[in-house]
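Contents: one structure, followed by commentary.
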Amino acid sequence: MAVVDITVVPIGTGGASLSEYVAGCVRVLREAEGITYQLTPMSTIIEGELGRVFEVVRLMHEQPFLKGIGRVVTTIRIDDRRDRELTAAGKVAAVKAKLGE
1 MAVVDITVVP IGTGGASLSE YVAGCVRVLR EAEGITYQLT PMSTIIEGEL GRVFEVVRLM
61 HEQPFLKGIG RVVTTIRIDD RRDRELTAAG KVAAVKAKLG E
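Note that UniProt numbering gives residue 22 to position 22 of the sequence shown, counting from 1, and the numbers run on in steps of one.
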C-alpha cells in the first residue's frame, strides 16, 4: 500500500480562497473505493494500492478544470514501501515510539 501526499492548486481563481476546489477533491475521495484519506490544512494524505491511488489523483487534478479553471498545479509525494505494510498512522507511531511516547 502507498501513502501519498497530494496538493492540488488551481491557478487564476480570482480570489484567495481555495476551499471550493479542495471540497471538489474531497468529494472524489469520498466516492473512491479502496482509498482512505486524511485532509490536513496544507494537503491531503491518501492511502491505497498505487494503481488505484494514481486513478484518484488524476480525478482530483481534474476537479478545478471542471469548475472552469484554466491551469492546475498538482504536487504529489509517494511513499511506496513493499517489504511490509505501510500506513500513515504506522509512520507516525514509529516516530512516537522512538520518542518514548
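Glycine included, each C-beta is placed from N, C-alpha and C at the ideal position.
CA-CA distance, residue i and residue j?
| i | j | result |
| --- | --- | --- |
| R58 | I46 | 13 Å |
| T7 | A94 | 25 Å |
| V26 | I69 | 17 Å |
| R30 | V73 | 22 Å |
| F54 | G100 | 36 Å |
| V92 | K98 | 10 Å |
| M60 | I76 | 11 Å |
| Y37 | E85 | 16 Å |
| G90 | P41 | 21 Å |
Measure how close the beta-carbons of residue i and residue j come, nearest whole angstrom, since I'm counting them as under 8 Å.
| i | j | result |
| --- | --- | --- |
| G51 | M1 | 11 Å between Cβ atoms; not a contact. |
| V56 | I35 | 6 Å |
| R71 | G12 | 6 Å |
| S43 | D83 | Wrong, their Cβ atoms sit about 26 Å apart, outside the cutoff. |
Where DSSP assigns a beta bridge to residue i, which residues make up the other side?
| i | result |
| --- | --- |
| A2 | G48, D80 |
| T7 | T75 |
Going along the chain, which residues of its own chain have a beta-carbon closer than 7 Å to the beta-carbon of residue i, five neighbours each way excluded?
| i | result |
| --- | --- |
| D80 | A2, L50 |
| L39 | V26 |
Leaving out the 5 sequence neighbours to the left and right, which residues in its chain are closer than 6 Å to residue i when beta-carbon positions are compared?
| i | result |
| --- | --- |
| G24 | Q63 |
| V9 | V73 |
| A32 | V56 |
Can you name, in chain order, every residue of its own chain whose Cβ lies under 8 Å from the Cβ of residue i, other than the five neighbours on each side?
| i | result |
| --- | --- |
| E20 | K67 |
Can you check the stretch 31-70 for any beta strand (DSSP E) of at least 3 residues that lies completely inside it and give the ranges in chain order? 36-39, 44-48
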